[in-house]
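Peer 1: Submitted below is the structure of interest, expressed as structure tokens.
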Amino acid sequence: MSEIPDIPRSLQELESLRVSVAASLPGQKGVVVEVCLSRPRKLNALGASFWRDFPLCMRILDTWAPCRCVLLTGEGAAFCSGIELQYAASLFQPTEAEPQEESGREVNSPAATLADPARRALHLRRVVAPLQEAISSVEHINKPVLAAISGPCIGAGVDLVSSCDVRLAAADALFSVREVQLAMAPDIGTLQRLPRIVRSGSWVREVCFSARFFSAQEAEREGFVSALYPDREALHKAAVALCLALAEMSPVALAATKQGLNFARGRPVSESLEQQLTVSAAMLQTLDIPLAVGMQMQQKERGSKRAQMPPFAGL
């Protein structure tokens, strides 16, 4: 029996997330790491601490070798109620600057900053860009990230799960691209990712324009989630089982596959194939390939019908 590794201490101290080992590979150090949005009293609204904690968490898990797969969940009645409105309002405020006198007026005062459209626009770019980067950190990690969604998933919650590799949902999941209801356009990922996930561009525009709620059943029908489960418990059990199945695979193969899928979105096939040549030139040199091929040959000789993978090193 291999000892289950402890979660890195820096991940145990995050304010907005609870990070834990959800499952481990028998006889190996590989684990499934559950990252749980942990502000249940606020319905897991994404406040200042989340935008600081989440990209840090993804960066650490990307380089923590025991982590083979990440499971994203929400604690309590909601998966995520969106960005915290008080935090969002604070983003629109100009940064404080030391006042400088010029012809009797303060040119660097907050009031002056707000009065200048160009400076206001640059300020907003500076504050929104890190939010986009936090959501995109899911795509940058070289390990599969699965979202298990139960309860409401609103606004920035849709941005977040849209960036995940796989989405599973409980029957009580409820979604809304809510930003238009607040007189703004979604600007941290939904408009860019949702049309590439689901089947109908017309449906995407309808739910984004109207900000209406859509059910887990509708989400499955449109291809936004790949499977539904009757309740939170069944969802979590199935999600962990899927994560374990992925965790058994070669981490190198999973990383190369994720990179290839992400790169191919919106690009010509010829360009994507060229990029895949570069990736394969490196990844085909992995020692995982002879291990996997040898295991498959042994199973074939024994007449085994159950596919098994050899133990692979972490990434």
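Residues in the sequence shown are numbered consecutively from 543, following this note's numbering. We put the CB at the ideal spot given by N, CA and C, even for glycine.
1. Given that a residue counts as buried once 16 or more other Cβ atoms are within 10 Å of its Cβ, and exposed if not, what is Gly569?
2. Using the Cα positions of Leu716 and Leu613, report the straight-line distance between them to the nearest angstrom.
3. In three-state terms, what does DSSP make of Glu746?
4. Going by the DSSP bridge assignment, what does Arg709 pair with across the sheet?
5. Checking the sheet assignment: what are the DSSP bridge partners for Pro524?
6. Kindly list the residues whose CB is nearer than 7 Å to the CB of Glu545, restricted to its own chain and excluding five residues on each side of it in sequence; keep chain order.
7. Would you kindly work out how many angstroms separate the C-alpha atoms of Ala824 and Asn684, rounded to a whole number?
8. Count the CB pairs spanning the segment 763-782 and the segment 725-735 that are closer than 8 Å, and state whether there are at least three.
9. Exposed or buried, Val577, counting other C-beta atoms within 10 Å across all chains shown (16 or more means buried)?
10. Within the continuous alpha helix (DSSP H) that includes Leu788, where are the two ends?
11. Should the segment 550-559 be called in touch with the segment 589-600, which here means at least 3 C-beta pairs below 8 Å?
12. Express the C-alpha separation of Ile831 and Gly845 in angstroms, rounding to a whole number.
13. With distances taken from CA atoms, which of Leu724, Leu736, Leu585 and Ala787 is nearest Gly808?
14. Please work out which residues of its chain come closer than 8 Å, Cβ to Cβ, to Asn586, disregarding the five sequence neighbours upstream and downstream, and give them in chain order.
15. Which residue comes first and which comes last in the beta strand (DSSP E) that contains Val612?
16. The beta strand (DSSP E) that contains Ser566, what's its start and end?
17. Please report the straight-line C-alpha distance between Gln850 and Arg583, rounded to a whole angstrom.
18. If you pair each beta-carbon of the segment 663-670 with each one of the segment 691-711, do three or more pairs fall below 8 Å?
19. Could you tell me the distance, in whole angstroms, from the CA atom of Ala631 to the CA atom of Cys695?
20. Which value, in whole angstroms, describes the spacing of the CA atoms of Glu626 and Gly589?
21. Exposed or buried, which one is Cys706 when buried takes at least 16 other CB atoms within 10 Å?
Peer 2: The structure says:
1. exposed
2. 19 Å
3. Going by the sequence as given, residue 746 is Val instead of Glu. Looking at Val746 - three-state DSSP - the assignment turns out to be helix.
4. Ala689
5. Outside the shown range of the chain (543 to 857) lies residue 524, about which nothing can therefore be said.
6. none
7. 15 Å
8. no
9. buried
10. Arg774 to Ala789
11. yes
12. 21 Å
13. Leu736
14. Leu579, Ser580, Gly616, Glu617, Gly618, Ala620, Phe621, Cys622, Ser623 and Gly699
15. Cys609 to Gly616
16. Leu559 to Ser566
17. 43 Å
18. no
19. 20 Å
20. 5 Å
21. buried
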